[in-house]
Structure formats: C-alpha cells, structure tokens
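Residue numbers (full-length UniProt numbering), protein chains in the order written: chain W, 1 to 360; chain Y, 1 to 360. In this text, a Cβ means the ideal position worked out from N, Cα and C, and glycines have one as well.
And the structure:
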C-alpha cells in the first residue's frame, strides 16, 4: 500500500502508567481531499504532553500518542490541497482542524472556533469516532490549513518546538502590540517562556524576563532580555509599578502566585495574558485588584495560520531558534524525558529525533 | 466672611449608625490657587455612599459626609483657574484631585494616577490632614480639573447622578470601542447600569440589557436596549455564544454569579469590564474559562475630564437624562433613601434637593 491508513506511535494507556510507552499501531482518520500526510522527522515534547498523559487536565481518550510540535515531510497531498507541495518539509502544531466556515475561522481566530476544534491528539473526529493521535509516531494526518511550510533556513530539530511553544508565545505578543516603545514581560522561563523572550525582543519590545530567582538570568540575557526581575527579591514589583504594557504569563502553575503584585506592575489598561493552563483550581480575582490601573486579564490559545507563518519568517529572518536538547525516540528515552519535563529539568525543550530508526 | 472656610453637611459617625445623619460643620481644605468652591444645589446618592457608610468597603475616616454626584454653583474661583467662571453651574464627581504631573495624569488617565488620588469624600489631604467631605453638604471645594461646566440643556437634578454613575458607565464604553457595529451588554440595571444602557445606545452600539428576571425589561427598552437577557431563564447564554464585543458589568454583588457563563457569550478577545466593587471576596478565575474565546477581564475606575465633558455633551445633544427620584435633604429622608438604596428599591437614582432650605 503506497499510503498509510494507519500509523505507528509510542502510546500510553493512562495516567496510572503515564511514563510507560508502548509502540503500537493506530488508525488514521479517513484521508480527506484537503488532508496532508506527514512523515514525522522530529517532535518537541510539550508541557501539554505531560499534563495530558499524567491526568492533570482530567480525563482523556486512552491509549494515547502525544506530541504536537511536529516537523516532517509531506508525503501525500489531497487533491484539493493548495498550501503544501508533496515532498515539502512541513510543520504541524497542536490543532489539526476547525470548521473553517464561521466568523472566527474566517477572521484569523481559527484556534477559537466555537464549532469544532480537533486537537492534534486526543480529540474525536466526528463521524468516524477515530481519536486523533500525535507526533510521537511515524505519521500524522492533518487538514492543510494546519500544515505549515518550514523556511529553508530553519533547522528541523530547532524549529519543531516553535509549532506549539513558539506560536503560543508569539500570538499574544503580536495580538497585544508587542513592539518598539512597549515594555513587555515574560513570566516563567520554560519552553514557552524562553521563546517568548526571544520573540518579544525580535519584535522590538523592551523585554523583561520575570522568574523566581536569578538562576536563569544569564540565559535570559542571551535570549535577548533587556531586564530581569526575580520575584524572590524584596520590592521586585515596586520599581516597576504602572509600567508594563503587556505581560505574557507562561508559568504553568498558579501555586503561591501573588497575582495582585504582578498586576500592580501593569500600566493603565495594560494586559496580563496567560498561556499556561495550570492544573490548580484557579485564582481569586477581586475587582479591587484590577481597578487601580484598569488592567485587563486574559488568556490566549495557540495562534492563527497567519501568525504561524509570520513567526516562522521572523525566526528565519533573525536566526531565532529554540534551545533544544535532542533525544532519540524510544520507550526509555520518552520515560526519562517526561520525568525530567515534570521536574522542569530541561533548558528549554526536548526534541525527539531518530524517527527513521524507531519506525523503519 | 465672604467665602466659607468651613461647610455644613449631614454626617454619620460610623458603620454602627450608618443611617443616623447629623447636621454638622466641618473644615474645608485651605483654598488653593486652582480651587473652586461649589455651593451645592443637588447631589445624587451613589451606591458607593452606602458601601462606605455601612462599612462594606472597610475602615474609613469618620465622621463622614458622603455624596459625590454634585451639581451646584461656582461661587469662588482661585486666581489660576481657567476652566470655570464664577457663577457658572458646575458638577463635581467622585474624585477631586490627582498629581496632575505623571504620565497617567497627562494621558487622560488621571483617575488611575499612581501618586495621589483624593476622593471627593473620605480621603486625607496631604499636609493639612483634613479629610475630604462630600456633597450632602452646603459646599464642596475641588481643584478646577475636577469641576465640570454643565451644558445649559441639562436639568440639575437629572444630570447630578451622571457625575459618578454616568461617567462610571461611559468611560469603559468609549475606552472599549462601544459604537456602531459592536454588540454591547450591560449587566445590572441599577443606577450605573441604566445609564450604561442609555449611553451604549447613544454611542451607536447594539445594546443588550442583562438582568436576572424580566421585571425591568420594559424600562430597559425605554432606555434604548435593543435586546434583553434574563439570566434566570434556561439557556440564556447559549444563544449569545461568541457574540458580545463588550460587556460592562455594573452588578454590585458577585454572589451566585456564574462568571463562566457570562464569559462564554463574549466574542474572541471581547472584553468583560466590571465597574462595581462588590463587598465579597472576589471570584475564582481559571485560565480555562478565558481560553475558549481569549476574553479579557478588566475593571474601570470613573473616567477622565475629557470623557466627562464628552458625556455631558452627548447627554445634551441626545436629551439623555438619569431616571431620578428627587428627595429633599434632611436627616429623615437620608435615612430612608439609604435604606431603600441598600435594598435596590429605587428606579434608578435618588437626587437630593432642597439644599437652600437645609443650609440657609
């Protein structure tokens, strides 16, 4: 058979055994006229993979193959595909479908489609009931709108995490005006945060890294940060009162987080946008904490195709790359990587490699 | 003495006796070169007066004279005053001073001044330590920036509540783009909310009143509402999913308030702006509730001088007026009005009158 109707991937059976990966076959959704099959060559390990696999975000469809920071080769192109050419190097991020017809989809808000959102893994395709599966695998199948040509200058392993972590940081930056003359903060220097610093700087904003301690200050400066705030230090918020236009909160926990102090650093009507989805119960917000500066609090979900292409172009133009540790995909390495991710022990992203060997 | 150095007002001694008003004298701050003395002719009764007097917002300076929806005559003009003429009919709202020098003050954000905000009543003037006192009184003294000429067409008693309730609704509307092509909701049909409906419509927005029951629907329609949502009805949120550009939340309690359902009605990156300051402990907000539509949550505090003048002009141009019940100022009437305010038993604002008789 020239084209796969199923793929192979490293799957887990549920949160009880969330680091126990098994290589298995799984069905792909029926190939549609606008679909693209991608043979996977690299895949980042996202914080979402850990939240999902370990059950922190609640029940999911198992067995499950995670992975949504995918780069590979387009090996099959549906007859109606116009964005992608066969043989092209492409990326796939965390979403593979939306309705495409609604106001939001037509308005570059397809990651907020109210009608249907199919995540790259763990969503049920309508009609068939097939569960979407991610990029710890031989192949993924996606609607062409969600498949992105990768500029030649970008290295496969280095660009892979940009497909989710990168766009997650980039979209709220461009949607909220990060650029020259603006003071932008990035809270949390993990996979998303380190790319946030890089992009905020590349977009021309005065860029501040905000972290608990100064342990990552040197890295932050290398990534382009103009300033560094350590929230374990006395008076960290006082000297920045009423000054930030935008803070993108990339922290993936809200525990011990004194939101009011962060908000006090915002300029009038500045924006505090969270991109992490902490597993905790949320934060208590009083109108009193918002009223001194009329700050706006929001959240952001991935980014549009348009923004994805813009981000990749910017990365190519300015030689930006994820800081990655590569690791060959197999049962043992996946287990180790997941455990290290859980501890935050990676600077700042794993990219899985060696797919040819794992899926010969 | 041609000019007063003290004023008389109806004061309360503290939350324990918050409806027990006593007519007393109190000192005015020393008259400054940019100050204006206003002889009070009408004063609205604001929800803030009730929150403050009854102790719901915490400790205050007592004895206290409330009232910050003031209309009267400018009887004395400091030598540096340029905005106001002696003898002119003017209004004073809920704030009487800010630093005037900082970025915020110079940028029409003087109600968010980080350096100093003197509320019309209950704030301590620097240097003298004199507590500012409000408009249930014979006179108020304010910096000219906070004294607003009242257009001739507007009736004194009807315009008074616009000085706080009106600007509180108007500022978030204009700052967040309420106008033609926008769908705007107003939650809570009280003093602020009924003016919010009126102004949203006058600004050209598709205007929806949002209330618990349909009891106030006829009033809402008269005020200009294009639509009405009753949150006690089944599925009230479903039919408005992803549709509101802006909702101004004028409810003054957050009890039993299922915020996630309200937020689900917002268009992508729509704004939910609260103007009430509920006495409760705040609401738990999860990033998960914000991420489906990337909604922004904020709060708003009064409005700039520029917006105040714009609002008064709009009211004059479109014949807009607060719906008021007038009541002569005296001990008994104040007690009754405060108790009725506490129950929400007024459609939709009290304006105190009869100042000449009370302060001969």
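Contact check, residue i vs residue j, beta carbons under 8 Å
{"i": "residue 257 of chain Y", "j": "residue 283 of chain Y", "result": "yes"}
{"i": "residue 246 of chain W", "j": "residue 177 of chain W", "result": "yes"}
{"i": "residue 7 of chain W", "j": "residue 137 of chain W", "result": "yes"}
{"i": "residue 268 of chain Y", "j": "residue 289 of chain Y", "result": "no"}
{"i": "residue 63 of chain W", "j": "residue 13 of chain W", "result": "yes"}
{"i": "residue 186 of chain Y", "j": "residue 113 of chain Y", "result": "no"}
{"i": "residue 160 of chain W", "j": "residue 71 of chain W", "result": "yes"}
{"i": "residue 287 of chain W", "j": "residue 274 of chain Y", "result": "yes"}
{"i": "residue 51 of chain W", "j": "residue 291 of chain Y", "result": "no"}
{"i": "residue 78 of chain W", "j": "residue 148 of chain W", "result": "no"}
{"i": "residue 173 of chain Y", "j": "residue 295 of chain Y", "result": "no"}
{"i": "residue 37 of chain Y", "j": "residue 15 of chain Y", "result": "no"}
{"i": "residue 182 of chain Y", "j": "residue 209 of chain Y", "result": "no"}
{"i": "residue 224 of chain W", "j": "residue 192 of chain W", "result": "no"}
{"i": "residue 253 of chain Y", "j": "residue 280 of chain Y", "result": "yes"}
{"i": "residue 361 of chain Y", "j": "residue 99 of chain Y", "result": "A question about residue 361 of chain Y goes unanswered here, because the residues of chain Y that appear run from 1 up to 360."}
{"i": "residue 150 of chain W", "j": "residue 352 of chain W", "result": "no"}
{"i": "residue 298 of chain W", "j": "residue 329 of chain W", "result": "no"}
{"i": "residue 41 of chain W", "j": "residue 19 of chain W", "result": "no"}
{"i": "residue 125 of chain W", "j": "residue 117 of chain W", "result": "no"}
{"i": "residue 29 of chain Y", "j": "residue 130 of chain Y", "result": "yes"}
{"i": "residue 203 of chain Y", "j": "residue 169 of chain Y", "result": "no"}
{"i": "residue 303 of chain Y", "j": "residue 171 of chain Y", "result": "yes"}
{"i": "residue 61 of chain W", "j": "residue 219 of chain W", "result": "no"}
{"i": "residue 166 of chain Y", "j": "residue 311 of chain Y", "result": "yes"}
Residue i versus the options, residue with shortest Cα-Cα distance
{"i": "residue 215 of chain Y", "options": "Y:203, Y:229, Y:204, Y:207", "result": "Y:229"}
{"i": "residue 102 of chain W", "options": "W:240, W:313, W:111", "result": "W:111"}
{"i": "residue 322 of chain Y", "options": "Y:64, Y:43, Y:217", "result": "Y:43"}
{"i": "residue 155 of chain W", "options": "W:339, W:359, W:326, W:337", "result": "W:326"}
{"i": "residue 266 of chain Y", "options": "Y:251, Y:279, Y:237", "result": "Y:237"}
{"i": "residue 334 of chain W", "options": "W:22, W:160, W:7", "result": "W:22"}
{"i": "residue 344 of chain Y", "options": "Y:32, Y:188, Y:313, Y:235", "result": "Y:188"}
{"i": "residue 91 of chain W", "options": "W:204, W:75, W:104", "result": "W:75"}
{"i": "residue 48 of chain Y", "options": "Y:94, Y:32, Y:305", "result": "Y:94"}
{"i": "residue 184 of chain W", "options": "W:129, W:27, W:244, W:191", "result": "W:244"}
{"i": "residue 222 of chain W", "options": "W:232, W:213, W:207", "result": "W:207"}
{"i": "residue 68 of chain W", "options": "W:141, W:100, W:29", "result": "W:141"}
{"i": "residue 85 of chain Y", "options": "Y:55, Y:34, Y:234", "result": "Y:34"}
{"i": "residue 316 of chain W", "options": "W:213, W:152, W:116, W:278", "result": "W:152"}
{"i": "residue 164 of chain Y", "options": "Y:200, Y:143, Y:120", "result": "Y:120"}
{"i": "residue 276 of chain Y", "options": "Y:26, Y:56, Y:19, Y:28", "result": "Y:56"}
{"i": "residue 349 of chain W", "options": "W:158, W:17, W:359", "result": "W:158"}
{"i": "residue 54 of chain Y", "options": "Y:347, Y:354, Y:358, Y:341", "result": "Y:341"}
{"i": "residue 309 of chain Y", "options": "Y:232, Y:357, Y:146", "result": "Y:146"}
{"i": "residue 278 of chain Y", "options": "Y:259, Y:195, Y:255", "result": "Y:255"}
{"i": "residue 271 of chain W", "options": "W:65, W:175, W:139, W:307", "result": "W:175"}
{"i": "residue 24 of chain Y", "options": "Y:59, Y:61, Y:65, Y:60", "result": "Y:65"}
{"i": "residue 235 of chain W", "options": "W:347, W:199, W:261, W:312", "result": "W:261"}
Within chain W, the residues that residue i reaches when beta carbons sit closer than 7 Å
{"i": "residue 170 of chain Y", "result": "None at all; the shortest Cβ gap to chain W is about 14 Å."}
{"i": "residue 366 of chain Y", "result": "Because chain Y in this structure spans residues 1 to 360, residue 366 of chain Y falls outside the shown range and cannot be described."}
{"i": "residue 274 of chain Y", "result": "287"}
Contact list for residue i against chain Y, beta-carbon separation under 9 Å
{"i": "residue 284 of chain W", "result": "281, 282, 283, 284, 285"}
Where residue i meets chain W, residues with beta-carbon distance less than 8 Å
{"i": "residue 56 of chain Y", "result": "Those do not exist, as residue 56 of chain Y stays about 12 Å from chain W at its closest Cβ, beyond 8 Å."}
{"i": "residue 271 of chain Y", "result": "296"}
7 Å Cβ cut-off: residues of chain Y touching residue i
{"i": "residue 278 of chain W", "result": "287"}
Practice task
Report the residue ranges of all alpha helix (DSSP H) runs contained in full by the segment 256-326 of chain Y; include only those spanning at least 4 residues, in chain order.
Solution key: Listed in chain order, they are 259-263, 287-291, 305-318.
Practice task
Mind checking the segment 287-301 of chain W against chain Y and listing, in chain order, the residues whose C-beta falls within less than 9 Å of any C-beta there?
Solution key: Listed by position, the residues of the segment 287-301 of chain W near chain Y (Cβ gap below 9 Å) are 287, 288, 289, 290, 291, 292, 293, 294, 295, 296, 297, 298, 299, 300, 301.
Problem - Members of the segment 128-158 of chain Y near chain W, C-beta cut-off 9 Å - result: none
Problem - Short-range partners of chain W found in the segment 206-223 of chain Y, where Cβ spacing is below 7 Å - result: none
Exercise for the section: Starting from the N-terminal side, write out each stretch of the beta strand (DSSP E) that is 3 residues or longer and does not extend beyond the segment 74-112 of chain W. Expected result: 89-92, 95-98
Exercise for the section: For the segment 121-171 of chain Y, list the alpha helix (DSSP H) runs that are entirely contained and at least 4 residues long, ordered along the chain. Expected result: 156-159
Practice task
Scan the segment 235-254 of chain W for residues whose Cβ lies nearer than 7 Å to a Cβ of chain Y and list them as they occur along the chain.
Solution key: 241, 242
Practice task
Note down, in chain order, all residues in the segment 167-199 of chain W with a beta-carbon under 8 Å from any beta-carbon belonging to chain Y.
Solution key: 175
Handout entry: Every unbroken alpha helix (DSSP H) within the segment 332-359 of chain Y, with a cutoff of 4 residues, ordered by chain
Key = 355-358
Practice task
Please go through the segment 161-224 of chain W and give each complete alpha helix (DSSP H) segment of 4 or more residues, from N-terminal end onward.
Solution key: 165-175, 191-202, 217-223
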